[in-house]
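A.B. asks:
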Amino acid sequence: MNFEDIEQGIVELIRKAETELPDDVIKALKKANRIEEGVAKTQIEAILKNIDLAKESKRPMCQDTGIQTFFVKVGIDFPYINKLKNIINNGVKKGTKEIPLRPNTVDPFLGINHKDNTGDQIPYITWDFTEGSDVLITALPKGGGSENMSKLGMLKPGVGIEGVKDFVVDEMIKAAGNPCPPTVVGVGIGGGADLSLKLGKKALLRPVGERHKYKTIASIEEELIERINESGIGPMGLGGKTTVLDVHIEKAHRHPASLPVGIAVQCWADRRAHMIIHKDGSWKVR
Amino acid sequence: MEYHLNLPASKEEIKKLKIRDVIYVTGEIFTARDEAHHMMLEKDKIPFDPSKMALFHCGPLMKKEKNKWQVVSAGPTTSSRMEIFEDKFLEKFGTNIIIGKGGMGERTEKALQKFTGVYTAYTGGAGALAADKVEEVPGVYWLEELGMPEAAWIFKVKEFGPLVVAIDSHGGSIYNELKK
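Residue numbers (our numbering), protein chains in the order written: chain A, 1 to 286; chain B, 1001 to 1180.
Structure below.
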């Protein structure tokens, strides 16, 4: 088995995520461009120009190439499960030089940066198992500016879903221009503190414009989009109609005494790319 | 209004600028994030003249090719982190244009009035577009100590923008208007 070839696949996966935005995001930004005017329009125009330029010149659209974050679905019959972690790590190291990526991993105590985007627990990989023999990897490079606007609310269950909505709207108004709006907001409701934040981040994997499969939740998503956009914060916090491109909610059952709400924020550079690896080692990035 | 300014910008040119104006700058700019601010404020002497340049809140992605530094991607970083340094920084170095994103607080607003400067917002994340406007990288300082994102990079830029005047020298701030 040629593991080096699969590592190169990881490089291509990261390159795709860093240099090209998914169509659903571009579509939403183009819609924003149609409805904005004045300063807000200058921002969306610059974003769209930047996206074209990055794709054309194959270079990262944003200098903050993020913490390399992967969601991996492993088919239980894939024969090289024990190699996957190394393959991803090596792919990140190679990609840092080849693409290139900004050296973004710093030891919190010593300040040491290995300059290859790896370190303790990083790249950050979430493992999941599924039937079959294919491996599906989603890359979600996560920038620091938007990550800094993450929030956890351990609300009192008595405030109900209305309280959850108010919490999300208030926090996004407080975040203002800092997370590089128009953003995509992932909201995890229920579970415990950690699970709600994890669900918030997983919610970011859903394409922009796609509503939750449950009608009640879908309509809450729509309400939140409307309320946050009514704030007038606008692109880059300079005023305008588009503060969020989308809001995605995921839920888990909660403890009777807790109502955790985890908010994960993604900047307009809602970078996502996918890779499939077959059991014979062949791979494809899309 | 739209203005095309050569750096350094004069006091008169800065005074003319009002919030929501859009400017494009040509000349030299330098990058400084938290650590470069801290370092520059501590040092008695620094190896370049910030009063002739615009200050860019940016941790760029750079690569070295044929012994020459090139900008790969260089959008702005969140300016509010520099709020704790900026009034002292403007006073010490006489820089009169700040380029960043997300806005700054009261201390910087007051310093911009006192020393006649503007804070301009460049589109966050537009790193490839910014890199395209950099003609040359004449220097870098403290690269070894601070690392690539935190070092002070000097960029020679042409028509760098669009930069939206978000805090002007007359006490105007787009961010404060929106908060109301």
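Note that the Cβ used here is the ideal one computed from N, Cα and C, for glycine as well.
Fair warning: this is a prediction, and the values are worked out from it, not measured in the lab.
Pull up the DSSP beta-bridge partners for K1088 of chain B, would you.
C.D. replies: For K1088 of chain B, which the question treats as bridged, DSSP gives no partner whatsoever.
A.B. asks: By the criterion of Cβ-Cβ separation under 8 Å, what are the contact partners of N86 of chain A in chain B?
C.D. replies: Those do not exist, as N86 of chain A stays about 26 Å from chain B at its closest Cβ, beyond 8 Å.
A.B. asks: Helix, strand or coil: how does DSSP classify R34 of chain A here?
C.D. replies: helix
A.B. asks: I1174 of chain B touches chain A at which residues, Cβ-Cβ below 7 Å?
C.D. replies: Within chain A, the C-beta atoms nearer than 7 Å to that of I1174 of chain B come from L238 and G239, in chain order.
A.B. asks: Quick one: does A54 of chain A have its CB under 8 Å from some CB of chain B?
C.D. replies: yes
A.B. asks: If contact means a Cβ-Cβ distance below 8 Å, which residues of the region 1042–1076 of chain B contact chain A?
C.D. replies: Per Cβ criterion, the list reads C1058, G1059, P1060, L1061, K1063, V1072, S1073, A1074 and G1075.
A.B. asks: Alpha carbon to alpha carbon, what distance is there between H253 of chain A and A1128 of chain B?
C.D. replies: 43 Å
A.B. asks: For L1005 of chain B, which option in B:G1100, B:H1038 and B:E1028 has the closest C-alpha, if you only look at C-alpha atoms?
C.D. replies: Among B:G1100, B:H1038 and B:E1028, the Cα nearest to that of L1005 of chain B is on B:E1028.
A.B. asks: Quick one, which residues of the region 1107–1125 of chain B are near chain A if we go by CB-CB under 9 Å, in chain order?
C.D. replies: Listed in sequence order: A1121, Y1122, T1123, G1124 and G1125.
A.B. asks: Spell out whether any CB of chain A is found under 8 Å from the CB atom of A1128 of chain B.
C.D. replies: Judged by the 8 Å Cβ criterion, A1128 of chain B is in contact with chain A.
A.B. asks: To the nearest angstrom, how far is it from the Cα of I217 of chain A to the Cα of K1015 of chain B?
C.D. replies: 51 Å
A.B. asks: List the residues of chain A whose Cβ lies closer than 7 Å to the Cβ of M1148 of chain B, in chain order.
C.D. replies: R102 and P103
A.B. asks: Going by CA-CA distance only, name the one from B:I1099, B:G1124, B:A1121 and B:G1094 that's closest to A1111 of chain B.
C.D. replies: B:G1094
A.B. asks: To which residues does DSSP link V265 of chain A through a beta bridge?
C.D. replies: A:V185
A.B. asks: Taking Cβ positions only, does G1102 of chain B come closer than 8 Å to chain A?
C.D. replies: yes
A.B. asks: Answer yes or no: do M275 of chain A and G9 of chain A have a C-beta to C-beta separation smaller than 8 Å?
C.D. replies: Contact: yes.
A.B. asks: Determine the direct distance from the alpha carbon of E1035 of chain B to that of N1096 of chain B, and round the result to whole angstroms.
C.D. replies: So the two alpha carbons sit approximately 20 Å from each other.
A.B. asks: Answer with buried or exposed for V1175 of chain B, where buried requires no fewer than 16 other C-beta atoms within 10 angstroms of its C-beta.
C.D. replies: One point to set straight first is that residue 1175 of chain B is Tyr, not Val, in the sequence displayed. The residue is buried, with at least 16 neighbouring Cβ atoms inside 10 Å.
A.B. asks: Counting C-beta neighbours from all protein chains within 10 Å, is the total for Y214 of chain A 16 or more, i.e. buried, or is it exposed?
C.D. replies: exposed
A.B. asks: Using a 10 Å radius around the Cβ and a threshold of 16 neighbouring Cβ atoms, would you call E12 of chain A buried or exposed?
C.D. replies: buried
A.B. asks: Check the C-beta distance from S146 of chain A over to Q266 of chain A and give it rounded, since I have them as a contact under 8 Å.
C.D. replies: About 6 Å separates the two Cβ atoms, so the contact holds.
A.B. asks: Would N178 of chain A pass as an interface residue toward chain B - the criterion being a Cβ-Cβ separation below 8 Å?
C.D. replies: At least one beta carbon of chain B lies nearer than 8 Å to the beta carbon of N178 of chain A.
A.B. asks: Quick check on this structure: which residue in B:P1050, B:R1020 and B:M1062 has the alpha carbon closest to the alpha carbon of S1073 of chain B?
C.D. replies: Nearest C-alpha to S1073 of chain B: B:M1062.
A.B. asks: For the region 1022–1041 of chain B, enumerate the residues whose C-beta is nearer than 9 Å to any C-beta of chain A, in chain order.
C.D. replies: V1022
A.B. asks: Which residues of chain B have a Cβ atom closer than 7 Å to the Cβ of W268 of chain A, listed in chain order?
C.D. replies: G1125
A.B. asks: Quick one: using the 10 Å Cβ neighbour count with 16 as the cut-off for buried, is Q68 of chain A buried or exposed?
C.D. replies: buried
A.B. asks: Which chain A residues are close to S1080 of chain B, counting only those with a beta carbon under 7 Å from its beta carbon?
C.D. replies: N178
A.B. asks: Can you have a look at S219 of chain A and say buried or exposed, based on whether 16 or more other CB atoms are within 10 angstroms of its CB?
C.D. replies: exposed
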